[in-house]
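J.:
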Amino acid sequence: MFKAKKFLFISAIATALLSLAGCSSLPSNSVSEDNADTGSTDISLDNSEQTSRENSSDISVEINTEIISELGMTYSELSEKYGEPHGIYNAYEFGSDGVHGRKGFGRYCWRSDEGIFFDDMEKAGGCNYIMGVKPHDLFCGLTYPMDFDELSEKYDLEPVSVDAEIAEDGSYWAEFTSPLYDDISFVLATTACKTVDERAVCYVVMNVDCLKAARVI
Numbered sequence: 102m103f104k105a106k107k108f109l110f111i112s113a114i115a116t117a118l119l120s121l122a123g124c125s126s127l128p129s130n131s132v133s134e135d136n137a138d139t140g141s142t143d144i145s146l147d148n149s150e151q152t153s154r155e156n157s158s159d160i161s162v163e164i165n166t167e168i169i170s171e172l173g174m175t176y177s178e179l180s181e182k183y184g185e186p187h188g189i190y191n192a193y194e195f196g197s198d199g200v201h202g203r204k205g206f207g208r209y210c211w212r213s214d215e216g217i218f219f220d221d222m223e224k225a226g227g228c229n230y231i232m233g234v235k236p237h238d239l240f241c242g243l244t245y246p247m248d249f250d251e252l253s254e255k256y257d258l259e260p261v262s263v264d265a266e267i268a269e270d271g272s273y274w275a276e277f278t279s280p281l282y283d284d285i286s287f288v289l290a291t292t293a294c295k296t297v298d299e300r301a302v303c304y305v306v307m308n309v310d311c312l313k314a315a316r317v318i
């Protein structure tokens with residue numbers, strides 16, 4: 102398993118992970134007062150609720166290919182896509198408009214098997230590690246909470262290792278792979294055993310040295 106300790110050299114210098122957004126509540130049904138007087142149970146949906154339900158049925162249930170496509174991208178390519186880099190020691194966030202904060206899906210890292218920290222990131226090769234990804238960004242159509250069995254079934258994931266005991270960092274760790282993507286691991290740190298909720302954090306890892314990392318998509 103891609104154990105939690107393998108994250109330490111990056112986690113030690115990473116800033117706090119992005120806050121996880123909560124779920125919004127659905128609007129309630131409206132009942133006509135005239136119908137209530139006559140005992141009728143006719144319930145009408147307002148346009149916004151009907152549209153919301155129609156849109157929810159159209160949401161794709163798949164792994165976000167845009168995130169996958171960013172693995173293997175170089176420092177300059179990510180800078181061009183998102184804007185100014187912010188970070189240190191092979192770990193960077195990109196872009197800041199002063200209002201909405203940093204852009205991208207998380208913190209982009211260049212993990213060297215030899216533990217190299219690059220002074221010149223143009224020589225670091227391809228990004229092979231994205232940390233702090235929100236579950237609903239990685240898994241399109243995800244609803245909270247979702248247990249690992251349902252997650253595996255919906256997104257065609259194969260469990261590599263799932264911890265049943267909480268680690269020293271207060272998280273349960275699990276690693277999954279997908280038959281669609283060779284050498285890529287989807288690592289989850291959750292606060293609930295074998296369950297993804299709003300507090301879970303995802304790590305998308307390409308299991309090759311950054312100097313050998315090439316784009317998958």
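Position one of the sequence shown corresponds to residue 102 (my numbering), numbered consecutively onward.
C-beta: ideal position from N, C-alpha, C; glycine also.
For PHE249 and ALA275, which I take to be in contact (beta-carbon distance under 8 angstroms), what is that distance rounded to the nearest angstrom?
T.: Taking the sequence shown and counting its residues from 1, the one referred to as residue 249 is at position 148. Taking the sequence shown and counting its residues from 1, the one referred to as residue 275 is at position 174. Indeed they touch by this definition, with Cβ atoms about 7 angstroms apart.
J.: Run through the region 241 to 312 for me and flag every whole alpha helix (DSSP H) of 4 or more residues, listed as ranges in chain order.
T.: Runs of the alpha helix (DSSP H) inside the region 241 to 312: 249 to 256.
J.: Does DSSP put TYR190 in a helix, a strand or coil?
T.: Position 89 of the sequence shown, counting from 1, holds the residue named residue 190. Correct three-state label for TYR190: coil.
J.: Give the secondary structure of ILE169 by DSSP, where H, G and I count as helix, E and B as strand, and everything else as coil.
T.: Mapped onto the sequence shown, residue 169 falls at position 68. Helix, per DSSP.
J.: Hey, could you find the ends of the alpha helix (DSSP H) LYS224 is sitting in?
T.: On the sequence shown, position 123 is the one that residue 224 refers to. Unbroken run through LYS224: none, as it is neither H nor E.
J.: Straight-line CA distance for ALA268 to PHE287?
T.: Taking the first residue of the sequence shown as position 1, residue 268 is located at position 167. Taking the first residue of the sequence shown as position 1, residue 287 is located at position 186. C-alpha separation (whole angstroms): 18 angstroms.
J.: By DSSP's criteria, ILE231 is part of a beta bridge. Which residues make up the other side?
T.: Taking the sequence shown and counting its residues from 1, one reaches residue 231 at position 130. According to DSSP, which records beta bridges pairwise, ILE231 is partnered with TYR209, VAL305.
J.: Determine the DSSP secondary structure at GLY196, reduced to helix, strand or coil.
T.: One-based indexing of the sequence shown puts residue 196 at position 95. GLY196 falls in the strand class under three-state DSSP.
J.: Answer yes or no: do THR296 and PRO260 have a C-beta to C-beta separation smaller than 8 angstroms?
T.: Locating residue 296 in the sequence shown gives position 195, where the first residue counts as 1. Locating residue 260 in the sequence shown gives position 159, where the first residue counts as 1. No, Cβ-Cβ distance for THR296 and PRO260 is not below 8 angstroms.
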